[in-house]
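**Student:** Terminal number for the sequence shown in our numbering: 738, no gaps in between.
For glycine and all other residues, C-beta sits at the position ideal for the given N, C-alpha and C.
Please read all numbers here as calculations on a predicted model, not as lab measurements.
Quick one: the structure is below, and I'll ask about it shortly.
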Amino acid sequence: MKDTVKSLRCLVWLPLVICLAVVVTNAQGRKPAAATELWRQVEVIRTAYGVPHIRATNLRAAGYALAWLQCEDYGTETPMNLLDASGRAATVLGYERIDTDLTVLRYRGKIRDNYRRLAPQTRDMYEGFAAGVNRYIDLHRSDFAAKMPSDFTGQDVAALELVTPAARKVRNFIARVTPQSAAPAGPVQPPNNEGPDDGSNAWAFAPSRTKSGKAILLRNPHLQWTAGYYELHMTVPGVVDFYGDFRIGGPFAVIGGFNRDLGWATTNNAQDLDEIYALDVDPNDPDHYLFDGGSLALKREPVTAAFRNGVGLSTETREFWSTTIGPVIHRANGKIYVMKIAGADEFRAGEQFLRMMRSRTLAEWKDAMKMRARLTSNFTYADRAGNIFFIWNAALPLLPYAPGDDLAAVPAHRSADVWSKYVPFESLPQVLNPPGGYVHNENNSPHYTNVRGPINTSDAYPNFEHAHLSLRSQLAIQLVGGDEKFSLEDVVSLKHSYRMLTADRVKGDLIAAVKATEPTGETATALRLLEAWDNTASPASRGGVLFEIWWQNYSGIRPPERTTPLPDSQRYAKVWSTTDPLNTPSGLADKKRAVESFTWAVGETKRRYGSYDVAWGDVHRVRRGKVDVPVGGCSNDLGCFRVLSFARDADGKLSASGGDGWVLAVEFGDPPRAYSILAYGESRVASSPYFEDQAAMFARGELKKVAFTEADVNAGAVVRFHPGEK
13 MKDTVKSLRC LVWLPLVICL AVVVTNAQGR KPAAATELWR QVEVIRTAYG
63 VPHIRATNLR AAGYALAWLQ CEDYGTETPM NLLDASGRAA TVLGYERIDT
113 DLTVLRYRGK IRDNYRRLAP QTRDMYEGFA AGVNRYIDLH RSDFAAKMPS
163 DFTGQDVAAL ELVTPAARKV RNFIARVTPQ SAAPAGPVQP PNNEGPDDGS
213 NAWAFAPSRT KSGKAILLRN PHLQWTAGYY ELHMTVPGVV DFYGDFRIGG
263 PFAVIGGFNR DLGWATTNNA QDLDEIYALD VDPNDPDHYL FDGGSLALKR
313 EPVTAAFRNG VGLSTETREF WSTTIGPVIH RANGKIYVMK IAGADEFRAG
363 EQFLRMMRSR TLAEWKDAMK MRARLTSNFT YADRAGNIFF IWNAALPLLP
413 YAPGDDLAAV PAHRSADVWS KYVPFESLPQ VLNPPGGYVH NENNSPHYTN
463 VRGPINTSDA YPNFEHAHLS LRSQLAIQLV GGDEKFSLED VVSLKHSYRM
513 LTADRVKGDL IAAVKATEPT GETATALRLL EAWDNTASPA SRGGVLFEIW
563 WQNYSGIRPP ERTTPLPDSQ RYAKVWSTTD PLNTPSGLAD KKRAVESFTW
613 AVGETKRRYG SYDVAWGDVH RVRRGKVDVP VGGCSNDLGC FRVLSFARDA
663 DGKLSASGGD GWVLAVEFGD PPRAYSILAY GESRVASSPY FEDQAAMFAR
713 GELKKVAFTE ADVNAGAVVR FHPGEK
């Protein structure tokens, strides 16, 4: 194929956009991170269940070991992430990856220009990580494509941290503003979120609420079991001693955990971090726009990428356009549409996490947070000094106008029309050492983090997340909002509550409605079963499966034609309200439909599973490798705190595929004491002994003891090695 030049005036066709500036990397000019002697500077100790403990003499060696371990336990995933971040995927995988590479190369300049501004410790981690990947590739060539490079650099690793705009939002916006006849094929896509049952739980208890008089933290993210949470302990004497989750694919993708003095957990929050602006095109020049009383030129950005073409390489060059506000995403209707994104100039996310990992006090930790390089997520915090803290974290634009439709373009004629600052850190919703001695979050708005005092549901800024409280979060408040004192073991037990709060809210109405029809036969027998059911999703409970199938049908969930529920106003007699936030929603909105759905559910449950009184755990399973065991837990919509999502297997049973999976509970004594579980194991490699060894324990609601002190790690050592040793 001959080299070509193509002009793209929007990003709709690009699957990956990373917000930084232009550079085309010359592979021959790269300076790969050297791994020659790093294996001598680090030892890895695996304790029970394959948990790795890195003991390194420096951060470069620690990063090297972290990369090696990710490759050892997850195969090619991390190297392929780095290949994408380097902008060279098409040189290995062919032309189908050219769009990704061109976009990456367009924006990588920010890394090139700012890499030396990163703290030396951060660069050491990045360069060590690159060296670990390079070393692994060199020693496992047969696992990779023939042209897979092994010259990755610290800048490639840093590029993993770059902020990306919402590609789906761009596509949906263009579909909205483009005339139907000119619109690209395909429907408008739903928001790019992780689903209603994904997210996290987080609790922190002050010393006044614990039996030991020490603060306790619970971290419990809910994502798909392909998310790659990776339990690991990293120690560099005098530099860092941190235990937590390091997401597969990079050194700082997402981190929560603890050191000797403090720890934190993250939960997803909802905020709008970008804006689309409509600029008037200059009628006398299509590549100029009218702004601040003048005509300004668009910046033309030609970018060239190489791609594999048979046994050789070819190149392709495309044109992109940008403004001082942000990249051009579309041109139509006499407008030039651009997107301005929070964090577009940010390159320090890894540096912020490293500072947080090394912090010793709340003040140091908050100083790291004030970098605001970590753009999203709620943070729940506890420490050895007895502090508990919560912050609704967001690099939130300080808008000069009222927020509106997320897919509407804001007219921009002058600089004053465009946001240029963030809402101040001090103005973000946050709670420190509140009455009642607890903070909690389950992906809900910050208003109900602690409900002991007056709850103010007004917001200081109009683009703050508005008040809302899910059934899962209401159940959490019921579990922890009293005056009881908890041990660490109590917290673990509470976290595994099987209560189904939806049943508490609607079962009475359902029973009354069905009874009013004077049922007979199996419907009457099934109704008695439901009356006797304990309203839990515990493995042995009977009645829960029938209730789940009824609730889904009543809620309008009828795959494949409808997979999302009807609005709450069509399901509940009382929808959730800020006037009664802890007791709504409740009751049934349509009792006639509820009765019809119940009659249907009795027959459907029997058809699927042979009986309508089948035990929850006979249907809901953890299946991994040779493990096939019952498990308790249910969806967020059913009001469970132990959220699990399931996939239907060939035999009709449901196997856990997401939600609860990584749990960490820590008590901040001296030293800290902790328990953990990683349902899907340390390794994704099916032949690994660490692929399925925690699955049955997870299903039983049990956690393993964390080895944190040097003595405990030494005593629990199963294997010791130097990664990549010659």
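Spatial neighbours of residue 304 within its chain, please: C-beta separation below 7 angstroms, excluding the five flanking residues on both sides.
**Tutor:** Position 292 of the sequence shown, counted from the start, is the residue given in the question as residue 304. So the qualifying residues of the chain are 426, 427.
**Student:** Would you tell me roughly how many angstroms separate the C-alpha atoms of residue 52 and residue 221, rounded to the nearest one?
**Tutor:** The count along the sequence shown starts at 1 and reaches residue 52 at position 40. The count along the sequence shown starts at 1 and reaches residue 221 at position 209. In a straight line, the C-alpha of residue 52 is about 46 angstroms away from that of residue 221.
**Student:** Tell me the DSSP secondary structure of residue 719 in three-state form.
**Tutor:** Taking the sequence shown and counting its residues from 1, the one referred to as residue 719 is at position 707. Correct three-state label for residue 719: coil.
**Student:** I'd like the list of long-range same chain contacts for residue 380, defined as Cβ closer than 7 angstroms, with 5 residues on each side in sequence excluded.
**Tutor:** Working through the sequence shown from its first residue, we reach residue 380 at position 368. Answer for residue 380: 364, 367, 368, 371, listed in chain order.
**Student:** Between which two residues does the beta strand (DSSP E) containing residue 279 stretch?
**Tutor:** Sequence index remark: in the sequence shown, residue 279 carries index 267 (1-based). Residues 274-279.
**Student:** Please state whether DSSP places residue 341 in a helix, a strand or coil.
**Tutor:** One-based indexing of the sequence shown puts residue 341 at position 329. Reduced to three states, the DSSP call for residue 341 is strand.
**Student:** Check the C-beta distance from residue 503 over to residue 230 and give it rounded, since I have them as a contact under 8 angstroms.
**Tutor:** For the purposes of this step, residue 503 is taken as residue 491 along the sequence shown, with counting starting at 1. For the purposes of this step, residue 230 is taken as residue 218 along the sequence shown, with counting starting at 1. Their Cβ separation, rounded to whole angstroms, is 6 angstroms, which keeps residue 503 and residue 230 in contact under 8 angstroms.
**Student:** Please list the terminal residues of the continuous alpha helix (DSSP H) segment that includes residue 507.
**Tutor:** Residue numbering aside, residue 507 sits at position 495 when the sequence shown is read from its first letter. Element bounds for residue 507: 500-507.
**Student:** Leaving aside the five residues before and after residue 237 along the sequence, list all residues of the same chain whose C-beta is less than 6 angstroms from its C-beta, in chain order.
**Tutor:** Here residue 237 refers to the residue found at position 225 when the sequence shown is read from its first residue. Once the five neighbours on either side are set aside, the close Cβ partners of residue 237 are 669, 670, 673, 692.
**Student:** Which partner residues does residue 564 have in the DSSP bridge list?
**Tutor:** Translated into the one-based positions of the sequence shown, residue 564 becomes position 552. Note: residue 564 sits in no beta bridge, so no partner.
**Student:** Quick check: the stretch 678-686 against the stretch 393-402, are there 3 or more CB pairs under 8 angstroms?
**Tutor:** Taking 8 angstroms as the limit for Cβ pairs, the verdict is that the stretch 393-402 does touch the stretch 678-686.
**Student:** Taking residue 182 as the reference, which of 556, 512, 288 has the closest Cα?
**Tutor:** Here residue 182 refers to the residue found at position 170 when the sequence shown is read from its first residue. Nearest option by C-alpha distance: 288.
**Student:** Roughly how many angstroms lie between the CA atoms of residue 137 and residue 589, to the nearest whole one?
**Tutor:** Counting from 1 along the sequence shown, the entry for residue 137 is found at position 125. Counting from 1 along the sequence shown, the entry for residue 589 is found at position 577. When rounded, the distance between both Cα atoms is 48 angstroms.
**Student:** Could you check whether the stretch 399-413 touches the stretch 271-286, counting it as contact only if at least three pairs of C-beta atoms, one from each stretch, sit closer than 8 angstroms?
**Tutor:** Verdict: yes, contact present.
**Student:** Which class does residue 269 belong to by DSSP, given the choice of helix, strand or coil?
**Tutor:** Counting from 1 along the sequence shown, the entry for residue 269 is found at position 257. It is a strand residue.
**Student:** Buried or exposed: residue 511, going by 16 or more other Cβ atoms within 10 Å of its Cβ?
**Tutor:** Within the sequence shown, the letter at position 499 stands for residue 511. Classification for residue 511: buried.
**Student:** Can at least three beta-carbon pairs, one atom from the stretch 52-65 and one from the stretch 122-137, be found at a separation below 8 angstroms?
**Tutor:** At 8 angstroms Cβ cutoff, the stretches do not touch.
**Student:** Rounded to whole angstroms, what's the CA-CA distance from residue 548 to residue 569? Just pull it up for me.
**Tutor:** Reading the sequence shown from its first residue, position 536 is the one you call residue 548. Reading the sequence shown from its first residue, position 557 is the one you call residue 569. Looking at the two C-alpha atoms, the distance is approximately 21 angstroms.
**Student:** Short of 6 angstroms in beta carbon distance, which residues of its chain neighbour residue 513, apart from the five on each side in sequence? Order them along the chain.
**Tutor:** Your numbering for residue 513 matches position 501 in the sequence shown. 483, 487, 651, listed in sequence order.
**Student:** For residue 260 versus residue 112, is the C-beta spacing smaller than 8 angstroms?
**Tutor:** Indexing the sequence shown from 1 puts residue 260 at position 248. Indexing the sequence shown from 1 puts residue 112 at position 100. No, Cβ-Cβ distance for residue 260 and residue 112 is not below 8 angstroms.
**Student:** For a cutoff of 8 angstroms on Cβ pairs, would you count residue 328 as touching chain B?
**Tutor:** The structure shown has no chain B; it contains just one protein chain.
**Student:** For residue 458, collect the residues of the same chain with a Cβ closer than 6 angstroms to its Cβ; drop the 5 residues on either side in sequence, then sort them by chain order.
**Tutor:** Start at 1 with the first residue of the sequence shown, and residue 458 comes out as number 446. If we look at residue 458 and ignore the five residues flanking it on each side, its Cβ neighbours are 404, 441.
**Student:** Let's see if you can read the secondary structure: which residues bound the alpha helix (DSSP H) around residue 86?
**Tutor:** On the sequence shown, position 74 is the one that residue 86 refers to. Counting along the chain, the alpha helix (DSSP H) containing residue 86 begins and ends at 71-86.
**Student:** Are the CB atoms of residue 453 and residue 402 within a distance shorter than 8 angstroms?
**Tutor:** Translated into positions along the sequence shown, residue 402 becomes position 390. Translated into positions along the sequence shown, residue 453 becomes position 441. In contact: residue 402 and residue 453 (Cβ atoms closer than 8 angstroms).
**Student:** Alpha carbon to alpha carbon, what distance is there between residue 448 and residue 317?
**Tutor:** As a first step, residue 317 must be located in the sequence shown, where it is residue number 305. As a first step, residue 448 must be located in the sequence shown, where it is residue number 436. Approximately 58 angstroms, taken between the alpha carbons.
**Student:** Quick one: Cα of residue 714 to Cα of residue 344, how far?
**Tutor:** Position 702 of the sequence shown, counted from the first residue, corresponds to residue 714. Position 332 of the sequence shown, counted from the first residue, corresponds to residue 344. In a straight line, the C-alpha of residue 714 is about 58 angstroms away from that of residue 344.
**Student:** If I measure Cβ to Cβ from residue 529 and keep anything under 8 angstroms in the same chain, skipping five residues before and after, which residues do I get?
**Tutor:** Residue 529 sits at position 517 when you count from the first residue of the sequence shown. If we look at residue 529 and ignore the five residues flanking it on each side, its Cβ neighbours are 607.
**Student:** Which whole-angstrom value is the C-beta distance of residue 223 and residue 497, which I expect to be below 8 angstroms?
**Tutor:** The sequence position of residue 223 within the sequence shown is 211, counting from 1. The sequence position of residue 497 within the sequence shown is 485, counting from 1. Going by Cβ atoms, the distance from residue 223 to residue 497 rounds to 5 angstroms, so yes, they are a contact pair.
**Student:** Is residue 647 buried or exposed, if buried means 16 or more other CB atoms sit within 10 Å of its CB?
**Tutor:** Against the sequence shown, residue 647 aligns to sequence position 635. Label assigned to residue 647: buried.
**Student:** Identify which residue in 134, 541, 594 has its Cα closest to the Cα of residue 614.
**Tutor:** Counting from 1 along the sequence shown, the entry for residue 614 is found at position 602. Looking at the Cα atoms, 541 is the closest of the given residues.
**Student:** Cα-Cα, which of 79, 187, 728 is closest to residue 54?
**Tutor:** Along the sequence shown, read from residue 1 onward, the residue named residue 54 stands at position 42. For residue 54, the nearest C-alpha among the options comes from 79.
**Student:** From the DSSP output, which residues share a beta bridge with residue 165?
**Tutor:** In the sequence shown, residue 165 corresponds to position 153, counting from 1. Residue 165 pairs with nothing; no bridge assigned.
**Student:** Would DSSP call residue 383 helix, strand or coil?
**Tutor:** Here residue 383 is taken as the residue at index 371 of the sequence shown, counted from 1. Here residue 383 sits in coil by DSSP.
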